[in-house]
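Structure record follows, encoded as structure tokens.
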Amino acid sequence: MSGGLAISGVHHKKVKVEVIVADVSANIVAGGQLTVPPPKPDIASILDTQAHAVINRVSVVSGTVIIQGKVGVDITYVSTAPSQPVHFFEGKLPLFGSVNVHGIFPGMTPEVAITSVYVTSKLINPRTVQVHVLVTVRVKVLREKVLPIISKVPKTIIIPTLTVPVTPVVKQKLVTVERRVLQGDAQTIAVGTIAIQSDKSGAASIIRTGATASVTRTKVLRGKAVVDGIVSSRSLYVGLSPAQPVFSVDGTIPFSVIVDLPGVEQGMFAFASVQVETVDTVIVNPRTLRVRAVVKVSVVVTVEKGLPLVTDIGALPPPFVPITRDFLVEEIIGQIHDDSTITVQVVIPGNYPNIGRIIQSFAQARIIKTLVLDGVIVVQGSLRITILFSELPSQKVFSYIKTVPFSVTLRIPGAAPVFYGAAEVTVIKVVAVPIQPRITNVRVTLRGWGMVTRVDTVPTVVDIRSGGSGESYPEAAVPSDSGGRVYVVQIGDTLFQIAQKYNTSVDVIVRANNIQDPNRIEVGDTLVIP
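Letter by letter, the sequence shown follows residues 66 to 595 of the numbering used here.
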């Protein structure tokens, strides 16, 4: 409490809050040429291209977030050999991009998450492939700030100049102003065998194996989290036949891992993510494969602290007035994971042979637009579907690609069009079933994640002051009877623009707020406008 008079029993507290400076989505493009490594044969045609991106470094310079990482590319192709066997090779591309965000400076905290990866490829010559990868990211920039607030107001206030104690009228609002994040990683190896179905040929050699992993259960115990999940693998192999037919076989392998998290307690909320770092397959016998996957599990535990903010204190005797400051609070309205299935009918054009046998089917999802409506998030995008098939009896392998639109609706009670929505869509499973010689139905299972947040301004009492003390108010609003007001600096603001808006001058605002550098004001700062 400041001022010439004293009020006893009012407690102050300093809290650390994270002010959201920016929350935007952006695209980063990685591109380059990949060469078939020796001794693999030349390429006749590309069957499938997959890509996965990893961010290694994020930094902030004035007005820009710099993102660095790498993209791994997997290419499956038909060789130029007379029997046209299928081959596979890997390559890496550098990922580098920048996102322009006005009002950010070094020292702020950037958070970048990959929301989708979309890849296209083109054959340049028999040993060179041109690859373009579009990586969509969500960029959030935070700034930590320590602010003093009034944490406790007694039921009665004793003022030396008054003979009767004052009973203040206190209004409060419970908000989350501190969030502690505990994070841990662990690695495990999932090993299991997969049997080849009787309607498929036995395996002569493995072309490639791809795998994804998902979490089935996360349990938080004291000091650790136990994560259970499954690895879903898909192996492409050459069959035991002089014609070298190509087949694929799917399988699942369970895993369980313990992640050490000192400080966590049973019952806390934990979010686990899993990534397959490497996967390989060996042939045990012609009808049995052993799959070995190295799995990395990351667990994040959030500990939210609710703090009752004093939003107003009424019935104070003159000359005392409450001094308020606006808090910007991000509130999560809701989030959800949900699976949905889309069925697409694919017609093979006339310049391709009839479908003799489906070998594999793939799909890539690309988000184009995310809409927040009443009670839902609608995610719109495109699916790039690849059908890998062979004609009979030659067993030659062909691929056909079709791009179709998709829409996923995620229900989040309380969502409204004025709120912010973030979403991710992942392809979980693709199954192609031929219904005619040139027509196949493709069922794509999509896993959607959506979250809706809103930023709310909460006026908070930071002090009680005597209006006659003659003090300046650099950190809070001036008394209401002086005609002053508080303004929270927004992205792109300058002191000149703010002064024009309130019909005052830059010098007046600088003096009232003790601003050292008029050319540098930070987003989220609270300015007193006399």
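C-beta: ideal position from N, C-alpha, C; glycine also.
Remember, predicted model here, so these are calculated numbers, not experimental data.
C-beta contact flag for residue i and residue j at 9 Å
{"i": "VAL509", "j": "PHE454", "result": "no"}
{"i": "SER298", "j": "THR274", "result": "yes"}
{"i": "GLY328", "j": "LEU247", "result": "yes"}
{"i": "ALA488", "j": "ILE442", "result": "yes"}
{"i": "PRO310", "j": "GLN460", "result": "yes"}
{"i": "SER396", "j": "VAL520", "result": "Here residue 396 is Glu; the residue named in the question, Ser, does not match the sequence. Their beta carbons are under 9 Å apart, which means GLU396 touches VAL520 by this criterion."}
{"i": "LEU188", "j": "THR141", "result": "no"}
{"i": "ASP528", "j": "ILE215", "result": "yes"}
{"i": "GLY168", "j": "VAL256", "result": "no"}
{"i": "GLU456", "j": "GLY421", "result": "yes"}
{"i": "VAL177", "j": "ARG208", "result": "no"}
{"i": "VAL285", "j": "VAL339", "result": "no"}
{"i": "GLN410", "j": "THR505", "result": "yes"}
{"i": "LYS265", "j": "GLY316", "result": "no"}
{"i": "TYR183", "j": "ARG357", "result": "no"}
{"i": "ILE261", "j": "ARG355", "result": "no"}
{"i": "ARG390", "j": "THR525", "result": "yes"}
{"i": "THR241", "j": "LEU436", "result": "no"}
{"i": "VAL101", "j": "HIS117", "result": "no"}
{"i": "VAL200", "j": "SER181", "result": "yes"}
{"i": "ILE432", "j": "VAL490", "result": "yes"}
{"i": "PRO382", "j": "ILE594", "result": "no"}
{"i": "TYR552", "j": "LEU511", "result": "no"}
{"i": "VAL80", "j": "LEU212", "result": "yes"}
{"i": "SER144", "j": "PRO106", "result": "yes"}
8 Å contact criterion, which residue i and residue j should meet: CB distance rounded
{"i": "THR129", "j": "VAL164", "result": "7 Å"}
{"i": "SER313", "j": "GLN425", "result": "5 Å"}
{"i": "ASP325", "j": "GLY288", "result": "7 Å"}
{"i": "LYS361", "j": "GLU342", "result": "5 Å"}
{"i": "GLY96", "j": "LEU160", "result": "Actually they are not in contact, since the Cβ atoms of GLY96 and LEU160 sit about 10 Å apart, beyond 8 Å."}
{"i": "ARG192", "j": "ILE254", "result": "Not a contact, Cβ separation roughly 35 Å."}
{"i": "VAL234", "j": "ALA380", "result": "5 Å"}
{"i": "VAL517", "j": "ILE477", "result": "5 Å"}
{"i": "PHE427", "j": "VAL364", "result": "Not really, about 30 Å apart at Cβ, beyond 8 Å."}
{"i": "VAL231", "j": "ILE222", "result": "5 Å"}
{"i": "SER405", "j": "VAL473", "result": "6 Å"}
{"i": "TYR465", "j": "ILE413", "result": "6 Å"}
{"i": "ILE272", "j": "TYR302", "result": "6 Å"}
{"i": "VAL89", "j": "VAL166", "result": "6 Å"}
Buried versus exposed, by CB contacts within 10 Å (16 or more), residue i
{"i": "LYS205", "result": "buried"}
{"i": "SER263", "result": "exposed"}
{"i": "LEU227", "result": "exposed"}
{"i": "ASN578", "result": "buried"}
{"i": "HIS152", "result": "buried"}
{"i": "GLN252", "result": "exposed"}
{"i": "GLY332", "result": "exposed"}
{"i": "PRO175", "result": "buried"}
{"i": "ARG576", "result": "exposed"}
{"i": "ARG585", "result": "exposed"}
{"i": "GLY535", "result": "Reliability fails at GLY535, whose pLDDT of 38 lies under 50, so the model's placement of it is uncertain and the value that follows must be treated cautiously. Looking at its Cβ environment, which holds fewer than 16 other Cβ atoms inside 10 Å, GLY535 is exposed."}
{"i": "LEU438", "result": "exposed"}
{"i": "LYS217", "result": "exposed"}
{"i": "GLY513", "result": "buried"}
{"i": "SER321", "result": "exposed"}
{"i": "ARG122", "result": "exposed"}
{"i": "GLN565", "result": "exposed"}
{"i": "GLY515", "result": "buried"}
{"i": "PHE463", "result": "buried"}
{"i": "THR281", "result": "exposed"}
{"i": "ASP558", "result": "buried"}
{"i": "ALA308", "result": "exposed"}
{"i": "ILE378", "result": "buried"}
{"i": "THR451", "result": "buried"}
{"i": "VAL498", "result": "exposed"}
Bridge-paired residues (DSSP) for residue i
{"i": "THR505", "result": "VAL411 and PRO499"}
{"i": "GLY249", "result": "VAL364"}
{"i": "TYR183", "result": "LEU199"}
{"i": "GLY486", "result": "VAL517"}
{"i": "SER298", "result": "ALA276 and GLY316"}
{"i": "ASP345", "result": "ARG357"}
{"i": "PHE334", "result": "THR367"}
{"i": "ALA260", "result": "THR353"}
{"i": "ALA380", "result": "DSSP, once it has assigned bridges, lists no residue as partnering ALA380."}
{"i": "ASN190", "result": "THR193"}
{"i": "TYR552", "result": "LEU592"}
Short CB-CB distance (under 9 Å) between residue i and chain D
{"i": "VAL441", "result": "Of the chains in the structure shown, none is chain D; there is only one protein chain."}
Problem - Inside the region 70-154 only - alpha helix (DSSP H) runs reaching at least 4 residues - result: As for any alpha helix (DSSP H) of minimum length 4 sitting wholly inside the region 70-154, there is none.
Practice task
Would you list, in sequence order, the uninterrupted beta strand (DSSP E) runs of no fewer than 3 residues that lie entirely inside the region 388-473?
Solution key: Within the region 388-473, the complete beta strand (DSSP E) segments of 3 residues or longer fall at 422-438 and 441-455, listed in chain order.
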